[in-house]
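Taken in order, these protein sequences are the chains called A and B.
For what it's worth, numbering that gives the first Met the number 0 labels the leading residue of the first sequence as 0, then goes sequentially.
For what it's worth, numbering that gives the first Met the number 0 labels the leading residue of the second sequence as 0, then goes sequentially.
Even for Gly, the Cβ is constructed at its ideal location relative to N, Cα and C.
Note sheet for the following structure.
Protein chains: 2
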Amino acid sequence: MKKDVVEVYKELDTLVNKEIVLEGWVRNHRKQKEFGFIDFNDGTYFQNVQIVYDSQLEDFLEIQKLRVGSAIRVVGTLVSSPKEGQEFEVILKQLEVLGDSPEDYPIQPKRHTREFLREQAYLRPRTNLFGAVFRVRSACAMAIHEYFQSHGYVYVHTPLITTTDCEGSDQMFKITTLDFQNLPKDEEGQVDFSKDLFGKCAYVTGTGQLHGEAFAMCYKKIYTFGPTFRTENSNTKTHANEFWMIEPEIAFCDLEGLMDIEEDMLKSVVSYVLTHCPKEIEFFDSFVESGLKEKLEKLVSSKFVRITHHDVVDILKKADVKWEFMPDYGEDIAKEHERYITEYFNGPVFITDWPKEIKAWYMKVNEDGKTVAAVDLEVPGAGELMGGSQREEDYDKLMTRIKEMGVDQNTVDWFCNLRKFGGCYHSGFGMGFERLLIYLTGVDNIRDVIPFPRTPKSCDY
Amino acid sequence: MKKDVVEVYKELDTLVNKEIVLEGWVRNHRKQKEFGFIDFNDGTYFQNVQIVYDSQLEDFLEIQKLRVGSAIRVVGTLVSSPKEGQEFEVILKQLEVLGDSPEDYPIQPKRHTREFLREQAYLRPRTNLFGAVFRVRSACAMAIHEYFQSHGYVYVHTPLITTTDCEGSDQMFKITTLDFQNLPKDEEGQVDFSKDLFGKCAYVTGTGQLHGEAFAMCYKKIYTFGPTFRTENSNTKTHANEFWMIEPEIAFCDLEGLMDIEEDMLKSVVSYVLTHCPKEIEFFDSFVESGLKEKLEKLVSSKFVRITHHDVVDILKKADVKWEFMPDYGEDIAKEHERYITEYFNGPVFITDWPKEIKAWYMKVNEDGKTVAAVDLEVPGAGELMGGSQREEDYDKLMTRIKEMGVDQNTVDWFCNLRKFGGCYHSGFGMGFERLLIYLTGVDNIRDVIPFPRTPKSCDY
């Protein structure tokens with residue numbers, strides 16, 4: 000009977016010495032004079048299945064020609080395996096090639112560089128590394144949905160196309176149906192966006208937070224999980240122009256409550272991935288980041304530290320370290336500081352109450368008038384994983400901040416009005432999904448945790 | 000102790016006659032001389048909670064001033080309710096206004112038109128109708144993830160920004176970081192896209208299918224679930240320029256197998272929504288589409304009909320109906336035909352084997368050389384809900400179709416190459432998420448099932 004490999008593992012006891020049919024691909028093929036071994040994988044399970052055949056088979060010579068990458072149907076007998084690290088193997092009875100693969104198939108069973116594989120983005124999930132990365136990506140997405148849905152959050156699809164900040168920010172892509180070669184112009188020679196599909200200049204968004212807040216003011220607890228766009232012309236390991244974000248927003252929740260949620264959520268997601276992707280995590284632990292599994296297990300059972308930005312700077316100033324950037328009470332903290340502080344506390348650290356000048360306009364100003372109720376979560380090895388804040392719920396104070404920070408009030412009018420119509424204390428945070436994946440897999444380049452990454456000058460496939 | 004209303008329902012037995020604290024919003028306020036009744040809702044449960052207070056309270060007169068829309072904190076005693084259709088009510092001890100709401104708050108406890116509420120998109124989830132719609136949207140999204148994940152599918156985030164079809168299709172939005180007022184030009188006076196962020200003209204995509212197939216050729220079973228964009232300048236009830244799609248793709252799966260999956264998935268999702276949103280479905284059944292609940296329950300237990308396009312046309316031709324569009328073997332079927340055929344079979348109908356001329360280039364041509372192995376699922380009341388096909392796995396046949404249909408081969412090169420590297424028979428389908436929501440809720444305008452809809456000339460908030 001036809002089975003996915005993942006099903007075979009679940010039903011192993013009943014399948015031993017039975018005939019099974021598998022369909023999948025040849026990952027490797029080792030030929031001997033009288034025998035052959037096919038490393039078979041159908042993509043439903045990390046580990047290959049060993050298919051054994053011998054010269055007794057009528058089409059032995061034909062089978063020996065089988066090339067790596069080919070799609071095959073296998074009929075064989077499942078037997079307990081004598082080989083260590085493998086629970087069973089399949090003694091081949093019959094093999095059919097469903098789709099051939101050429102001699103120069105790019106994904107050969109050898110070590111390829113990640114740079115080479117990036118150029119083969121449509122084939123690279125067929126390797127152990129990327130097969131594991133994108134399975135973890137899928138499981139991790141599910142973990143996030145499970146956490147929020149089981150805690151009563153409503154999932155909101157905030158819009159990607161937006162006209163907010165039309166005249167402003169360079170951070171957003173413009174989107175249009177106008178013909179670039181024949182842009183319509185108005186009487187003053189300006190581009191006439193009234194001819195565009197939406198009748199005005201439109202953008203693709205960099206955040207769902209503002210729209211998320213509107214829904215939190217109704218459902219109490221909401222989250223977004225969708226793609227996000229930034230135009231940054233930056234070629235670093237942590238920047239991509241298209242990535243996914245999770246942005247929960249919670250009414251009747253203060254900063255302490257927000258940290259409780261962030262901590263609980265992260266532990267739940269990490270536990271889920273440890274449980275659902277044990278083979279993948281072992282693989283990363285062995286071949287990508289030594290100690291990864293222990294790091295993740297430790298996170299689940301640890302208590303995250305909570306400390307103010309001010310006290311962090313105290314610690315940094317006292318540290319016997321030659322800083323590249325001198326820590327200061329009114330300043331952001333640098334990557335070297337993040338690293339020091341997570342090592343100092345030997346675990347995740349919530350840093351709260353940041354100088355208001357370096358944080359966003361919608362964050363709640365503390366009673367000191369100098370800091371805002373913001374919180375960044377720093378984790379060992381990956382730096383900032385989440386950023387959140389209590390939001391300013393007072394309309395007048397929000398207006399003051401909007402003027403101070405030079406925000407165009409017209410574009411956020413409706414958002415501010417939420418404060419007039421039954422506003423309340425509320426908080427939210429954002430988590431970059433790829434940042435989380437980098438933390439979970441040890442793979443340190445954002446290009447390698449996105450199926451088809453988009454970065455400056457690079458938009459292939 | 001502080002509780003979400005949804006928690007109160009779960010713990011009702013232990014909470015009776017206990018003091019509880021609730022935080023949420025005033026949906027209605029009915030005042031009498033000696034009494035008052037507040038319809039309270041915190042967004043975690045469809046039904047309002049009745050808060051009862053009387054003139055014994057010290058701040059009785061103050062409380063009587065409470066306006067609809069206000070955010071409040073309530074301390075009171077939970078008691079079994081004497082009123083029909085309500086399991087409990089809360090006897091008020093103490094009330095605190097957290098956020099006031101003005102006399103002219105737009106969402107008053109009366110019937111508003113859907114057109115008016117569309118203009119209040121950021122407030123409309125506070126109404127019964129939209130509160131129910133967007134909770135069902137969230138539950139339905141989770142149902143889809145649960146179905147595919149529990150059946151071993153890998154969730155793939157296919158890219159939204161793409162350079163595929165750069166010179167062609169009017170169906171896609173162009174995306175750019177160039178300055179519209181100062182477009183860089185090359186020597187021939189053409190727009191110089193080498194100056195754009197990606198170094199070429201880029202688009203936002205209308206489908207994840209091609210990228211999904213690449214991942215199916217590795218994981219066997221994958222699905223996408225993400226936003227999709229179309230530039231159609233069409234103001235109908237079923238068109239939006241931004242919507243969400245689910246696109247599963249399955250290797251080693253033929254058309255019959257695909258229909259099995261579609262049927263199983265749809266029944267599972269409908270069951271999930273019936274179980275998780277019973278109050279919402281009852282509400283739609285009473286106020287939006289009479290008979291909705293029965294329709295959904297019937298779908299779960301029915302066996303979907305499978306019939307060829309040819310045989311459908313036979314039935315249509317024999318029907319004693321004056322058609323606006325005459326049914327024909329070589330033609331698409333019209334909305335009136337869809338309606339007739341689902342009524343004829345009194346349930347969902349898979350229509351298979353369509354004339355190849357009216358279907359996409361990547362669909363597998365049947366042995367007759369005239370039809371393709373495509374399938375549309377038609378459901379009573381909502382028409383086409385899913386469209387899928389077995390894909391052409393033969394490289395040469397695919398090339399023939401590409402030429403016949405005038406597809407730009409360069410832009411789909413890598414996709415075609417999947418046939419060379421261990422290609423296999425495989426199938427997939429697409430389901431518009433909003434189409435499914437229209438079917439599930441009875442709400443018939445796509446603008447009313449999307450949180451912030453984007454349609455021609457309309458891109459507010």
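Using beta-carbon positions only, say whether residue i and residue j come within less than 9 Å of one another.
i: Val25 (chain A); j: Val74 (chain A); result: no
i: Ala381 (chain B); j: Trp353 (chain B); result: no
i: Phe349 (chain A); j: Met430 (chain A); result: no
i: Thr227 (chain A); j: Ala201 (chain A); result: no
i: Val65 (chain B); j: Ile37 (chain B); result: Reading off the sequence, residue 65 (chain B) comes out as Leu, not Val. Result yes, Cβ atoms of Leu65 (chain B) and Ile37 (chain B) sit closer than 9 Å.
i: Lys369 (chain A); j: Met362 (chain A); result: no
i: Asp459 (chain A); j: Ala120 (chain A); result: yes
i: His210 (chain A); j: Val155 (chain A); result: yes
i: Cys276 (chain B); j: Ala138 (chain B); result: yes
i: Met216 (chain B); j: Phe344 (chain B); result: no
i: Val299 (chain A); j: Lys266 (chain A); result: yes
Find the nearest neighbour of residue i within the set the options, judged by alpha-carbon distance.
i: Phe303 (chain A); options: A:Asp103, A:Glu61, A:Thr351; result: A:Thr351
i: Asp331 (chain A); options: A:Asp375, A:Tyr121, A:Asp319, A:Lys294; result: A:Asp375
i: Leu97 (chain B); options: A:Ala250, A:Val311, A:Glu377, A:Lys9; result: A:Ala250
i: Leu77 (chain B); options: B:Val20, B:Glu366, B:Asp58, B:Tyr154; result: B:Val20
i: Phe323 (chain A); options: A:Asp313, A:Lys334, A:Gly329; result: In the sequence as displayed, the identity of residue 323 (chain A) is Glu instead of Phe. The option with the nearest alpha carbon to Glu323 (chain A) is A:Lys334.
i: Met264 (chain A); options: A:Met244, A:Arg453, A:Glu22, A:Phe147; result: A:Phe147
i: Glu391 (chain A); options: A:Ile357, A:Gly421, A:Ser426; result: A:Ser426
i: Leu159 (chain B); options: B:Gly207, B:Glu212, B:Asp319; result: B:Gly207
i: Gly422 (chain B); options: A:Val4, A:Gly35, A:Ser100; result: A:Ser100
i: Lys1 (chain B); options: A:Arg72, A:Asn240, A:Cys252; result: A:Cys252
i: Ile260 (chain B); options: B:Asp407, B:Asn416, B:Ser388; result: B:Ser388
i: Glu383 (chain B); options: B:Leu298, B:Pro347, B:Asn27, B:Trp413; result: B:Pro347
i: Arg134 (chain B); options: B:Glu279, B:Ser270, B:Asp407, B:Glu186; result: B:Glu279
i: Val406 (chain B); options: B:Trp360, B:Asn127, B:Ser80, B:Ser270; result: B:Trp360
Nearest chain A C-beta to residue i closer than 9 Å, yes or no?
i: Phe172 (chain B); result: yes
i: Ile245 (chain B); result: no
i: Cys276 (chain B); result: no
i: Thr162 (chain B); result: yes
Take residue i and list the residues in its own chain whose beta-carbon comes closer than 7 Å to its own, dropping the five residues that flank it on each side.
i: Gly441 (chain B); result: Phe283, Val287, Glu288, Leu291
i: Arg136 (chain B); result: Leu436, Val448
i: Asn365 (chain B); result: Asp352, Val371, Ala372
Counting only C-beta atoms, is residue i closer than 9 Å to chain B at any point?
i: Cys217 (chain A); result: yes
i: Ser301 (chain A); result: no
i: His210 (chain A); result: yes
i: Glu166 (chain A); result: At Glu166 (chain A), the pLDDT of 44 sits below 50, so the modelled position is not reliable; the number obtained from the coordinates is stated separately. Chain B contact via Cβ: absent.
i: Asn47 (chain A); result: no
i: Ser137 (chain A); result: yes
i: Asn27 (chain A); result: no
i: Met264 (chain A); result: no
i: Leu128 (chain A); result: no
i: Val89 (chain A); result: no
i: Met0 (chain A); result: no
i: Tyr146 (chain A); result: no
i: Arg72 (chain A); result: yes
i: Gly546 (chain A); result: Residue coverage of chain A in this structure runs from 0 to 460, which leaves residue 546 (chain A) outside it and unanswerable.
i: Tyr460 (chain A); result: yes
i: Val153 (chain A); result: yes
i: Glu248 (chain A); result: no
i: Ser289 (chain A); result: no
What does a CB cutoff of less than 6 Å around residue i pick up in its chain, not counting 5 residues either side in sequence?
i: His238 (chain B); result: Glu231
i: Pro379 (chain A); result: Thr341
i: Ser54 (chain B); result: Glu33
i: Gly130 (chain B); result: Pro124
i: Gly23 (chain B); result: Phe39, Asn40, Asp41
i: Glu18 (chain A); result: Thr76
Pairing CB atoms from the segment 82-97 of chain A with CB atoms from the segment 42-51 of chain A, are three or more of them under 8 Å?
-> yes
The segment 38-47 of chain B / the segment 214-229 of chain A touching (three or more Cβ pairs under 8 Å) | yes
How do the segment 176-183 of chain B and the segment 108-127 of chain B stand: do at least 3 beta-carbon pairs fall below 8 Å, yes or no?
-> no
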